[in-house]
Amino acid sequence: MEFATTPVSPAPGTVRNGVLLAFLSYGFYSVSDASVKLLDGALPPFELVFLGATLGLLVLPLVRRPGEQWMDVLRCRSRPMWLLRAVASVAGSVFSVIAFTRLSMAEAMSLLFLMPAFVTILSVIFLKEPVGWRRWMAVLTGFAGVLVVLRPGIEPFRFGQVSAILGAFSAAVTIVILRGLGPTEKRISLYGAGLIGPIVASFVLAAPHLVMPTPIGWLWVLGYGLLAAIANVLMMMASARAPASLVAPPQYSQMLWAIGFDAVLFGIGVDGWMIAGSLIIIGAGLFTFERERIRKPRWWSRHPLITRQ
């Protein structure tokens, strides 16, 4: 979805509230991710994504801007890009569900933070964005951090890890699409593509294997879908009050949530290799973010490097 920022300099109190809203938003996202892990694979990934996206429809009234019509959810100026946005949303949601189901939350989150490196690569290929040696070094550093987390040759390479990396790539595709579209599409249309794609595709793929959630399972389903939808609204509110340079960095607070949930809810510890690799990946992402802030490409204020869009 599109996160717009205020074009004028907001008051300090407003900026502070925007940053606090950003932290709150990422907290809601983290609880949503924990809900996935609490389900422990009780529902097929496509079914969970379908239910989560359907719950996301509840916040459409909060997303719609004055003058936008309900049918604008399906209308667009570039149908191929709208469809690609929908496909990327399906892939990102499904791969993220698989990652959080099969991995510790901290490991899944650290690999998902590889997204800025993929954005850099895709921006060069599809947006023809000039990238200097500093950002290329950040890309290589990010992948080096992944190697530290994965420890190939020492630890077996698991499907959950592949899913997390593909989830990061799908998120990067979404950001590049949003940046490429620029201001030509309405916000509700971009948000709609991120919901309609998962609802339709996931239902078709899940229909042959539908599973009825248990009563406690429904609670986790609500936590997954509803809290993520609320987090989206909070992120839009944050982006309207604070500049991108202050809204995006708090996303790394999700690692603290992940480590805490792993310890308290799942009894999973974090080893030194995981911490080292995560710090390398996060450092590379922050450096990439800082370079974009300095360069300020034309799409910067609309679509900063935020993992959930």
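Anchor point for the sequence shown: position 287 equals 999 in the numbering used here, and the numbering is continuous, going up by one each time. Every residue, glycine too, gets a C-beta built ideally from N, C-alpha and C.
Status (buried if at least 16 other CB within 10 Å, exposed otherwise) for residue i
{"i": "V720", "result": "In this prediction, V720 has a pLDDT of 44, which is less than 50 and means its spatial position is unreliable; what the coordinates show is noted afterwards. That one is exposed."}
{"i": "E1004", "result": "buried"}
{"i": "Q966", "result": "buried"}
{"i": "E897", "result": "buried"}
{"i": "E867", "result": "exposed"}
{"i": "G768", "result": "buried"}
{"i": "G857", "result": "buried"}
{"i": "R797", "result": "buried"}
{"i": "P842", "result": "exposed"}
Candidates the options: closest to residue i by CA position
{"i": "F1001", "options": "R847, P756 and F973", "result": "R847"}
{"i": "S808", "options": "E841, V874, L763 and L902", "result": "V874"}
{"i": "G764", "options": "R776, S747 and E780", "result": "S747"}
{"i": "M827", "options": "K840, L852 and W845", "result": "L852"}
{"i": "G892", "options": "G739, F973, R789 and E780", "result": "R789"}
{"i": "P757", "options": "L786, R787 and R814", "result": "R814"}
{"i": "A996", "options": "I1006, F855 and A950", "result": "F855"}
{"i": "G779", "options": "I900, S805, A940 and R728", "result": "I900"}
{"i": "S822", "options": "I994, I1006 and F999", "result": "I994"}
{"i": "Y964", "options": "L998, I1006 and I810", "result": "L998"}
{"i": "T766", "options": "F881, G725, A905 and Q781", "result": "A905"}
{"i": "L770", "options": "I833, V945, E841 and L862", "result": "V945"}
{"i": "V860", "options": "N729, G725 and M986", "result": "M986"}
{"i": "A940", "options": "V831, V731, L772 and N729", "result": "L772"}
{"i": "N729", "options": "P961, A952, F973 and G979", "result": "A952"}
CB-CB length for residue i against residue j, believed under 8 Å
{"i": "G929", "j": "L751", "result": "6 Å"}
{"i": "M947", "j": "S805", "result": "The pair is not a contact, with the Cβ atoms about 16 Å apart (cut-off 8 Å)."}
{"i": "G1029", "j": "A975", "result": "For the chain, the structure presents residues 713 to 1021; residue 1029 sits outside this window and is missing."}
CB of residue i within 7 Å of CB of residue j, strictly
{"i": "I889", "j": "M793", "result": "yes"}
{"i": "S816", "j": "W969", "result": "no"}
{"i": "F812", "j": "S914", "result": "no"}
{"i": "V727", "j": "A954", "result": "yes"}
{"i": "A734", "j": "A950", "result": "yes"}
{"i": "I1006", "j": "A818", "result": "no"}
{"i": "A876", "j": "A820", "result": "yes"}
{"i": "L760", "j": "V923", "result": "no"}
{"i": "G879", "j": "L834", "result": "no"}
{"i": "V933", "j": "P920", "result": "no"}
{"i": "P910", "j": "S990", "result": "no"}
{"i": "Y936", "j": "V775", "result": "no"}
{"i": "L977", "j": "V731", "result": "no"}
Just to confirm the assignment: which complete alpha helix (DSSP H) runs, minimum length 4, are found wholly within the stretch 736 to 806? 757 to 768 and 772 to 775
What ranges does the alpha helix (DSSP H) occupy inside the stretch 958 to 994, keeping only unbroken runs of at least 4 residues that lie completely in it? 965 to 977
Quick one: complete alpha helix (DSSP H) runs, 4+ long, within the stretch 925 to 953? 927 to 953
Could you give the uninterrupted runs of the alpha helix (DSSP H) lying entirely in the stretch 841 to 922, keeping only those of 4 residues or more? 845 to 862, 871 to 893 and 899 to 918
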